[in-house]
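A.B. asks:
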Amino acid sequence: RGRGNMSTFLVAVGLVVSVGAVAPTATSRVVRNPNMGKLQAGYLFPEIGRRRNAFLAKNPDAKIISLGIGDTTRPIPPHILKGLTEGAGKLGTASGYAGYGPEQGVAELRERIAAKLYNGNVEASEVFVSDGSKCDIGRLQMMFGAGVVTAVQDPVYPVYVDTSVIMGQTGEKEGDYFPNVVYMPCNPSNGFFPDLKKVPQADIIYFCSPNNPTGAVASRAQLQELVDWANERGSILVFDAAYAPFIRSPDVPKSIYEIPGSRTCAIEVNSLSKYAGFTGVRLGWTVVPKELKFADGTSVAADFNRIMCTVFNGASRVVQSGALACLDDEGLKEIDELIDYYMGNAAILRQTMLDLGLKVHGGTDAPYIFVDLEGKSSWEMFSKILEEAQVVTIPGAGFGPGGEGFLRLSAFAPRESCEEACKRLAKVFG
117 RGRGNMSTFL VAVGLVVSVG AVAPTATSRV VRNPNMGKLQ AGYLFPEIGR
167 RRNAFLAKNP DAKIISLGIG DTTRPIPPHI LKGLTEGAGK LGTASGYAGY
217 GPEQGVAELR ERIAAKLYNG NVEASEVFVS DGSKCDIGRL QMMFGAGVVT
267 AVQDPVYPVY VDTSVIMGQT GEKEGDYFPN VVYMPCNPSN GFFPDLKKVP
317 QADIIYFCSP NNPTGAVASR AQLQELVDWA NERGSILVFD AAYAPFIRSP
367 DVPKSIYEIP GSRTCAIEVN SLSKYAGFTG VRLGWTVVPK ELKFADGTSV
417 AADFNRIMCT VFNGASRVVQ SGALACLDDE GLKEIDELID YYMGNAAILR
467 QTMLDLGLKV HGGTDAPYIF VDLEGKSSWE MFSKILEEAQ VVTIPGAGFG
517 PGGEGFLRLS AFAPRESCEE ACKRLAKVFG
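Residues in the sequence shown are numbered consecutively from 117, following my numbering.
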């Protein structure tokens, strides 16, 4: 239309604001969830990315090496990749096409997870396949609701606390802590395992071993103590085993279900993210034993199944095809090779820090090295290393008050990047 006609049209529909008039603000009448306001300014890892990008904006020629977020860097191995491509190919054929799948995962994959990773300690019907353990933690919190008290290790993977806050389980943050969250100190003085006799009553206990961020692993005796304690108190233990394949010590359990009594108190979450380079592919699972009950005798598995059927449409069929390839003999061999590569990086990083006279933890049964800064601020050290060495690390304070004074290094960078990072770090710490 001509300009005159368009002006007439805009006036008619009320879209012209006269000179000097104030345009209406784009706000709704919906009250914000107050729990979102309790959270810290940003989730830890995006905040690290923001600071990295800000540094690059000022120093565009910087050659940054990331020892920060635990994101895998090795290509997906050939046999596992073939499982993914074959899964995609089937969708292009009349005989192979399938739409929605079962929300709990295809039966063959559930059976293989139970057989290959749990040695018969769980049943296939107790395995819920998903798009990742982080997502499942959110779904578990949805199931538990607002009326529970949560216990976490300190320092801690931020998702456990943040989802507790979002669900309304906590009050406003008081200093470094949220009320109604039980923080279990895990530090060098107690071997990174909490003194359970001193831990107040909690309904849900989140426990990660091998641990992110400390790299510590719980022994069989410690896990037995944890299971017995949960059973005695009537608590539910959510055991995060995402780093289980990195365990190299033969006497360290890779699953909580290796521990007698665990089936009456424990849920386990896991994923292929670190196993097989699936951080961007997304495949995880949660195990909920049929023996696990709520206080009124109802089935925890039944409620979790209801959550999954309500908010999840099932993992991608393509991804589940790749997961099946991960868990046959050839795929498991490829996974072992990937893990060996990353643990080789961990050994290099760990030894470098030791050679520099620093106290370190982890790096032997986990892909994380936790460096003791001996009282120095972890955020200040993060900034110093970024500015002087162009290496991204993770400040321990980002994992809660118990992480202050430590720095986490990730072994997931390419080998040559780890070696170069060690040279640069030696100049900072040397």
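Cβ coordinates follow ideal geometry from the N, Cα and C atoms, glycine included.
Can you list, in chain order, the residues of its chain with a C-beta nearer than 7 angstroms to that of Ser182? Leave out the 5 residues immediately preceding and following it.
C.D. replies: Around Ser182: Val508 and Ala529.
A.B. asks: Considering Cα atoms alone, identify which of Gly307, Gly521, Lys390 and Gly153 is closest to Glu453.
C.D. replies: Cα-wise, what sits closest to Glu453 is Lys390.
A.B. asks: Any idea what DSSP makes of Leu525, helix, strand or coil?
C.D. replies: Of the three classes helix, strand and coil, the one that applies to Leu525 here is strand, per DSSP.
A.B. asks: What is the DSSP secondary structure of Leu353, reduced to helix, strand or coil?
C.D. replies: If DSSP states are grouped into helix, strand and coil, Leu353 belongs with the strands.
A.B. asks: If you run the structure through DSSP and keep just helix, strand and coil, what is Ser415?
C.D. replies: Three-state result, Ser415: strand.
A.B. asks: Which stretch, first to last residue, makes up the beta strand (DSSP E) that contains Tyr322?
C.D. replies: It spans Ile320 to Cys324 - the beta strand (DSSP E) in which Tyr322 sits, taken as one unbroken run.
A.B. asks: Go through its chain and collect everything with a Cβ distance to Gly331's Cβ below 7 angstroms, but skip five positions before and after it.
C.D. replies: Once the five neighbours on either side are set aside, the close Cβ partners of Gly331 are His477, Gly478, Gly479, Ala482, Tyr484, Ile485 and Phe486.
A.B. asks: On the three-state DSSP scale, how would you describe Tyr293?
C.D. replies: Three-state result, Tyr293: strand.
A.B. asks: Could you tell me which uninterrupted beta strand (DSSP E) segments, each at least 3 residues in length, are contained entirely in the segment 454 to 480, listed from first to last along the chain?
C.D. replies: Segments of the beta strand (DSSP E) lying fully in the segment 454 to 480: 475 to 478.
A.B. asks: Which residues in the same chain as Pro405 place their Cβ atom closer than 6 angstroms to its Cβ, once the five residues preceding and following it in sequence are excluded?
C.D. replies: Excluding residues within five positions, the ones whose Cβ falls inside 6 angstroms are Glu242 and Arg379.
A.B. asks: Note down, in chain order, each residue of its chain lying with its Cβ closer than 6 angstroms to the Cβ of Ala392, except the 5 sequence neighbours on either side.
C.D. replies: Excluding residues within five positions, the ones whose Cβ falls inside 6 angstroms are Ile196, Cys442 and Ile451.
A.B. asks: Using 10 angstroms around the beta-carbon of Cys381, count the other beta-carbons present and answer buried if the total reaches 16, otherwise exposed.
C.D. replies: So Cys381 ends up on the buried side.
A.B. asks: How about Trp401 and Ile229: do their beta carbons lie closer than 9 angstroms?
C.D. replies: Taking 9 angstroms as the Cβ cut-off, Trp401 and Ile229 qualify as a contacting pair.
A.B. asks: Output yes or no for whether 9 angstroms exceeds the beta carbon distance between Val315 and Pro326.
C.D. replies: No. Outside cutoff.
A.B. asks: Are Leu200 and Val434 touching if we call contact CB-CB under 9 angstroms?
C.D. replies: Closer than 9 angstroms, so yes.
A.B. asks: Is Val385 closer than 9 angstroms to Met259 when the C-beta atoms are compared?
C.D. replies: Cβ distance not < 9 angstroms, so Met259 and Val385 don't count as in contact.
A.B. asks: Mind checking whether Gln506 and Ala170 have CB atoms under 9 angstroms apart?
C.D. replies: Contact flag unset, no.
A.B. asks: Take Cys302 and list the residues in its own chain whose beta-carbon comes closer than 8 angstroms to its own, dropping the five residues that flank it on each side.
C.D. replies: Correct list, in chain order: Gln269, Asp270, Pro271, Phe308, Phe309, Pro310, Asn327, Thr330, Ala332 and Gly518.
A.B. asks: Using beta-carbon positions only, say whether Ser246 and Ala431 come within less than 9 angstroms of one another.
C.D. replies: In this structure, Ala431 lies closer than 9 angstroms to Ser246 by Cβ.
A.B. asks: Go ahead and label Ser494 buried or exposed: buried means 16 or more other beta carbons lie within 10 angstroms of its beta carbon, across all protein chains shown.
C.D. replies: The residue in question, Ser494, is buried, as its Cβ has 16 or more Cβ neighbours within 10 Å.
A.B. asks: Could you compute how far the alpha carbon of Met459 sits from the alpha carbon of Leu523?
C.D. replies: Whole-angstrom Cα-Cα distance: 18 angstroms.
A.B. asks: By DSSP's criteria, Trp401 is part of a beta bridge. Which residues make up the other side?
C.D. replies: For Trp401, which the question treats as bridged, DSSP gives the partners Val245 and Asn386.
A.B. asks: Give me the Cα-Cα distance between Ile352 and Leu342, rounded to the nearest whole angstrom.
C.D. replies: Computed Cα separation, rounded: 11 angstroms.
A.B. asks: Cβ atoms of Tyr234 and Tyr322: under 9 angstroms apart, would you say?
C.D. replies: Contact flag unset, no.
A.B. asks: On the DSSP bridge list, what partners appear for Val275?
C.D. replies: Bridge partners of Val275: none, in fact.
A.B. asks: Give a yes or no on whether the C-beta atoms belonging to Phe394 and Arg255 are separated by under 9 angstroms.
C.D. replies: The answer is no: Cβ separation not under 9 angstroms.
A.B. asks: Between Ser499 and Gly184, how many whole angstroms is the CB-CB distance? I'm expecting something under 8 angstroms.
C.D. replies: Not quite, the Cβ-Cβ distance comes to about 13 angstroms (not below 8 angstroms), so this is no contact.
A.B. asks: In angstroms, rounded to a whole number, what distance separates the CA positions of Ala128 and Met152?
C.D. replies: With a pLDDT of only 47 at Ala128, under the threshold of 50, the placement of this residue in the model should not be trusted; the figure read from the coordinates follows. The alpha-carbon atoms of Ala128 and Met152 are separated by roughly 41 angstroms.
A.B. asks: So for Phe486, helix, strand or coil by DSSP?
C.D. replies: It is a strand residue.
A.B. asks: Would you give the residue range spanned by the beta strand (DSSP E) that Thr266 belongs to?
C.D. replies: First-last of the beta strand (DSSP E) with Thr266: Thr266 to Asp270.
A.B. asks: Can the beta-carbon of Pro295 be found closer than 9 angstroms to that of Gly287?
C.D. replies: Yes, these two residues count as a Cβ contact at 9 angstroms.
A.B. asks: Would Gly203 pass as a contact of Ser437 if the rule is Cβ separation under 9 angstroms?
C.D. replies: Cβ atoms of Gly203 and Ser437: closer than 9 angstroms.
A.B. asks: Would you report the Cα separation of Val298 and Ala318, rounded to the nearest angstrom?
C.D. replies: Looking at the two C-alpha atoms, the distance is approximately 7 angstroms.
A.B. asks: Classify Cys544 as helix, strand or coil using the three-state DSSP reduction.
C.D. replies: For the sequence presented, residue 544 should be read as Val rather than Cys. Correct three-state label for Val544: helix.
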